[in-house]
Amino acid sequence: MAPEDRSQKPGFTAPNFSWDEYIKYRPLYPTSFYERIYKYHAEHGNSWEVAHDVGTGPGIVAQELASKFRHVYVSDPNDTYVDVACDRLTDEFGLPKSQFTFLQEGAEESSVQDGAVDLLVIAQAMHWTDVETAMESFARQLNSGGTVAISFYAPPLLSKSPRAQEALDKVYDVWTKKLIDTGGVPSRALKTADSAFDVVSFSSEYWKPGVKRILINTEGKKEPFRMSLKYTIPFDSKVGKDDVMEAEEDEEWIDAKDMKWLQGFFASLLENVPEDDVKGFWAEVKDAIGAPDKPVEIVYPVVQLLATRK
Numbered sequence: 001m002a003p004e005d006r007s008q009k010p011g012f013t014a015p016n017f018s019w020d021e022y023i024k025y026r027p028l029y030p031t032s033f034y035e036r037i038y039k040y041h042a043e044h045g046n047s048w049e050v051a052h053d054v055g056t057g058p059g060i061v062a063q064e065l066a067s068k069f070r071h072v073y074v075s076d077p078n079d080t081y082v083d084v085a086c087d088r089l090t091d092e093f094g095l096p097k098s099q100f101t102f103l104q105e106g107a108e109e110s111s112v113q114d115g116a117v118d119l120l121v122i123a124q125a126m127h128w129t130d131v132e133t134a135m136e137s138f139a140r141q142l143n144s145g146g147t148v149a150i151s152f153y154a155p156p157l158l159s160k161s162p163r164a165q166e167a168l169d170k171v172y173d174v175w176t177k178k179l180i181d182t183g184g185v186p187s188r189a190l191k192t193a194d195s196a197f198d199v200v201s202f203s204s205e206y207w208k209p210g211v212k213r214i215l216i217n218t219e220g221k222k223e224p225f226r227m228s229l230k231y232t233i234p235f236d237s238k239v240g241k242d243d244v245m246e247a248e249e250d251e252e253w254i255d256a257k258d259m260k261w262l263q264g265f266f267a268s269l270l271e272n273v274p275e276d277d278v279k280g281f282w283a284e285v286k287d288a289i290g291a292p293d294k295p296v297e298i299v300y301p302v303v304q305l306l307a308t309r310k
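Following my numbering, the numbering of the sequence shown begins with 1 at its first residue and continues without gaps.
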């Protein structure tokens, strides 16, 4: 049997992938994350009937949107993930199933009707898409004055442990090279992430001027979004002349974690890297931190894009 071609697979399709492990080793979206979206939407659209959580995974964002919107579309392209989201939202959290429409489909070709959505959120999933096609789909779904909110957090940085960060960079060098060598969807996702989402274009045909591009915890710099300082993929910036660049510091995206957690976060990334390929570099991280159970400060670089449909 021929080996599976992972280069054309979207997102989280690896064998033995566990959403429980993913949730355990990923940050919770803080209050400030949603507040930015809601504040922008209130100022530019302010209709709170229908939302769409694109690339929902286990339904984390959909759960929050259900507290603000009468109805929420919940979509994901991957097998079983919409079922996972449905189970979590309705069984685990007791939300009424009638409040949701669950769709197994990709961001690029949604069955949601034209102009049906007031707020469309795609969190930690845009880099897996064909960005240009996805943006056309988002524009079609949103009504006039509707908001699109695109977000991404990069792997956390060890802001107060430069020697440990230098060792951790070597771990991510191995992973990044694997993405580039794999090509296809993983390589495309890397390019989108490395660009701090500058490859996302907001056509003046669909979007009002003044698109917000907010960089959080990077002092306005884009280098912290690069997965590797050694390996990268060139990209063409699609930042528009009327786009508004903002820089913020947000303590809600700062935490303290030990080395075991750092390893768990790394293991939650795709593509997976054999342990032997990075074992020596993790030993360097441990040596720099001092103990595997010693917490160190971590800071997430975050980008949030906010735009209004014409």
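Every residue, glycine too, gets a C-beta built ideally from N, C-alpha and C.
DSSP places L28 outside both helix and strand once states are collapsed to three, so it counts as coil. Under the three-pair Cβ rule at 8 angstroms, the segment 92 to 106 does not count as touching the segment 118 to 126. C-alpha of V72 to C-alpha of L95: approximately 11 angstroms in a straight line.
Rounded to the nearest angstrom, the gap between the Cα atoms of L142 and L190 is 27 angstroms.
According to the DSSP assignment, T147 belongs to the beta strand (DSSP E) that extends over 142 to 153. Going by C-alpha positions, K212 is about 15 angstroms away from L119.
The criterion of a C-beta distance shorter than 8 angstroms is not satisfied by V171 and V296. Between V61 and the set P27, S201, G45, the nearest pair of CA atoms involves P27.
Here V244 is exposed: its Cβ has fewer than 16 other Cβ atoms, across all protein chains shown, within 10 Å.
By the criterion of a C-beta distance shorter than 8 angstroms, T147 is surrounded in its chain by I37, Y40, H41, H44, G45, D118, L119, L120, L306, A307, T308, R309, once the five residues flanking it on both sides are discounted. Per the coordinates, the alpha-carbon of F138 lies some 9 angstroms from the alpha-carbon of S110.
Annotation for Y73: the continuous beta strand (DSSP E) segment containing it runs 71 to 76. Positions of the beta strand (DSSP E) runs, each at least 3 residues long and wholly inside the segment 193 to 226, are given as 212 to 216 in order along the chain. The beta carbon of A193 sits closer than 8 angstroms to those of H127, F152, A154, F225, M227, all from its chain and outside the five residues before and after it, given in chain order.
A straight line joining the alpha-carbon of E132 with that of A107 spans about 11 angstroms. E64 and N272 have their alpha carbons spaced roughly 30 angstroms apart. L157 is bridged by DSSP to V299. Every alpha helix (DSSP H) stretch that sits fully inside the segment 29 to 99 and reaches 4 residues is listed by chain position as 31 to 44, 60 to 65, 81 to 86.
Around the beta carbon of T56, 16 or more other beta carbons lie within 10 angstroms, which makes this residue buried. Per DSSP, D118 is one residue of the beta strand (DSSP E) stretching across 117 to 123. Boundaries around K257 are those of the beta strand (DSSP E), 254 to 257, since no alpha helix (DSSP H) includes it.
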